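So the working numbering is basically just the index in the sequence shown, starting at one, shifted up by 1.
Heads up, the beta-carbon is just placed ideally off N, CA and C, and yes, glycines get one too.
Remember, it's a predicted structure, so these values are computed and weren't measured experimentally.
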Amino acid sequence: MTPLAPLESLLDQAGGDDFPLPPELATLYGPLRFPLRKGRPHVIGNFVTTMDGVASLGAPGLAGGGPISGSNPHDRMVMGLLRSVADAVIVGAGTLRSVPNHLWTAEHIYPPLSDSYRQLRVTLRKEPSPLNVIVTARGEIDLGLPVFRSGEVKVLIVTNPEGARRIRAGSLPASVVIGEVEEGDAIGAREVLSAVGRILPGEIILVEGGPRLMGDFFAGKCLDELFLTLAPQVAGRDGSGERPGFVAGKRFGPERPLWGTLSGVKRADSHLFLRYEFPTENGSRRDKD
Ligand SMILES: NC(=O)c1ccc[n+]([C@@H]2O[C@H](COP(=O)([O-])OP(=O)(O)OC[C@H]3O[C@@H](n4cnc5c(N)ncnc54)[C@H](OP(=O)(O)O)[C@@H]3O)[C@@H](O)[C@H]2O)c1
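Dropping the structure here:
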């Protein structure tokens, strides 16, 4: 396999201290900083879209992020890096259904850098793998999937009482915990974060979507930053099937416009790696610094 070339950094205004990246990751990504604060976790999102904003092609076998990024190795490397600093990775049940064999670990998304990712977690004194968090209202979850059975990750399923009842009717592996919240079909992002907080005092929480869950995090003003990969592809839409952007089920502009602040731009050939800050319920991180 040809070794990856380092990302070209065009803008880096992220605040905070440098994370102690192992040499290979430091060379490929450059410095990685997060404006961490005591008292609540720093919540980041990671998505890839086409130039025309499509996050899922919505076709059988092509619904995941791979066909959007062109299975771009730099995108996978960055996904792995963000997973390797995260205490928990949160996804909606729709994302799990679209990639049923996935584990939300750094090693799983980009195996060539497994050693460096592991080394980073050791240095950061984090568990070997981030807690994998699945959010579902219906609770129609196949407990036979690798994420529940591999033994490589601990899993928290955040759901309502009805979903919990349905899941408990199956055989729950020892690595899986149910975080029951008193909400209906739409579990608020704050409730999801509280359920995660009851399991671990996380410093960095990573939300990997999908669009429905991401909409809830933006609506709850719970997302501090978004790492957005822009793939140089035009997917198009002709109304024959859903091709959502990275937010679905929520509307912000023009009534409640939601603007981000660009804090980072990196490039690998024609792929762009953008980093935006967003205002949270207490104002943006930068405002508070
Ligand atoms: N391009 C990218 O970077 C990227 C990233 C992630 C996903 N995707 C793609 O996006 C597509 C999936 O989209 P999606 O919008 O369906 O994703 P999703 O948000 O992962 O899944 C939606 C489902 O998750 C559960 N859910 C999400 N938020 C919830 C909430 N606040 N409260 C209760 N349940 C909640 C519900 O599950 P139940 O139905 O079980 O109640 C809901 O039907 C897939 O094709 C996936 O591959 C793309």
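Under 7 Å from any heavy atom of ligand 1, does the C-beta of residue i make it?
i	result
SER72	no
PRO61	no
SER57	yes
GLY66	yes
PRO162	no
ALA249	yes
VAL134	no
ARG252	no
GLU209	yes
PHE48	yes
SER99	yes
Where do the N-terminal and C-terminal ends of the beta strand (DSSP E) with residue i fall, by residue?
i	result
ASP13	9-13
HIS43	43-51
ALA107	Counting along the chain, ALA107 falls outside any beta strand (DSSP E), though it belongs to the alpha helix (DSSP H) covering 107-110.
GLY221	First-last for GLY221: undefined, no H or E at that position.
ARG276	272-278
GLY185	Neither: GLY185 is in no beta strand (DSSP E) and is coded neither H nor E.
VAL100	Segment: none, VAL100 is in no beta strand (DSSP E) and carries neither H nor E.
Looking only at its chain, what residues have a beta carbon closer than 6 Å to the beta carbon of residue i, apart from the 5 residues adjacent to it on each side?
i	result
ARG144	The residue you asked about is not Arg; residue 144 is Leu in the sequence shown. Once the five neighbours on either side are set aside, the close Cβ partners of LEU144 are GLY171.
LYS155	LEU132, SER176
LEU224	VAL44, GLY46, PHE218, PHE279
ALA190	ASP217, PHE218, GLY221, CYS223
ASP270	none
LEU146	PRO101
Measure the Cβ-Cβ separation of residue i and residue j and say whether it is below 8 Å.
i	j	result
GLY250	GLY216	yes
VAL235	ASP53	yes
GLU243	GLY59	yes
ALA187	THR160	no
ARG34	ALA56	no
ILE135	VAL92	yes
LEU114	GLY81	yes
ARG276	GLU226	yes
Counting only C-beta atoms, is residue i closer than 8 Å to chain C at any point?
i	result
PHE48	Annotation note: the requested chain C is absent from the structure, which comprises a single protein chain.
For the alpha helix (DSSP H) that contains residue i, what are its first and last residues?
i	result
GLY81	74-86
THR262	No alpha helix (DSSP H) contains THR262, which is instead part of the beta strand (DSSP E) from 262-269.
VAL208	Run containing VAL208: none in the alpha helix (DSSP H); it sits in the beta strand (DSSP E), 205-208.
THR28	24-30
Could you name the residues of the same chain whose beta carbon sits closer than 7 Å to that of residue i, not counting the 5 residues immediately before and after it, in chain order?
i	result
SER195	none
SER85	ALA107, TYR118, LEU121, ARG122
ASP18	ARG34
MET78	LEU5, LEU29, TYR111, LEU114
Return the chain-ordered list of same chain residues with a C-beta closer than 8 Å to the C-beta of residue i, the five sequence neighbours on each side being excluded.
i	result
THR96	GLU209, GLY210, GLY211, LEU214
ALA232	VAL49, THR50, THR51, MET52, ILE69, SER70, GLY71, ASN73, ASP76, HIS272
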